[in-house]
Amino acid sequence: MNHLPDPDTQPDFYRSVTSKRFVAWLFDIAFISLLCTVAILLSAGLGLFFLAVIYAVISFVYRVVTITNGSATLGMRFMGIELRDAFGERMDMGKAIAHTAGYFVSMAFAVIQIISVIMMMTSARGQGLTDSFLGTVMINRRA
33 MNHLPDPDTQ
43 PDFYRSVTSK
53 RFVAWLFDIA
63 FISLLCTVAI
73 LLSAGLGLFF
83 LAVIYAVISF
93 VYRVVTITNG
103 SATLGMRFMG
113 IELRDAFGER
123 MDMGKAIAHT
133 AGYFVSMAFA
143 VIQIISVIMM
153 MTSARGQGLT
163 DSFLGTVMIN
173 RRA
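Here the sequence shown is numbered in the numbering used here, starting from 33 and rising by one per residue.
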């Protein structure tokens with residue numbers, strides 16, 4: 033973790049990141065829902081029978097592709113934040129898959145998600161459970 037900005041000496045990297053993550057998450061959910069709507073329309077409505085699967089697949093692929101290609105989803109980019117690994121580097125595909133898988137596990141179990149949110153709100157770097165496990169951190173992008 034010593035490759036990442038220090039929250040005590042460089043607090044601007046972490047300022048308001050938790051609230052920005054929440055807004056980015058809402059943005060991403062809206063965008064993923066739009067993509068699902070398009071998929072259902074293209075399937076002549078038959079996709080409604082598989083909505084949960086379609087949503088999960090589109091969400092997983094969307095998150096992995098956008099995090100791999102810019103270390104942030106579109107919502108994160110909109111909010112000016114990005115993910116970095118333990119060495120301060122941008123996320124590659126393996127790390128994006130691991131982070132997205134961790135997100136899916138935490139979303140599948142309410143207790144884990146609650147713990148993750150509490151950790152984001154109370155830790156110095158604003159890391160959730162998946163972030164702590166992988167050594168990733170969400171920071172404000174440099175201007």
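Every residue gets a Cβ at the ideal spot worked out from N, C-alpha and C, and that includes glycine.
| Asked | Found |
| --- | --- |
| Buried or exposed: where does residue 41 fall if 16 or more other Cβ atoms within 10 Å of its Cβ makes it buried? | exposed |
| Just to check my reading of the structure: residue 161 and residue 151 have Cβ atoms closer than 8 Å, yes? What is that Cβ distance to the nearest angstrom? | 6 Å |
| Which class does residue 83 belong to by DSSP, given the choice of helix, strand or coil? | helix |
| Determine whether the beta carbon atoms of residue 63 and residue 36 lie at a separation below 8 Å. | no |
| For the alpha helix (DSSP H) that residue 106 lies in, which residues bound it at each end? | 106-111 |
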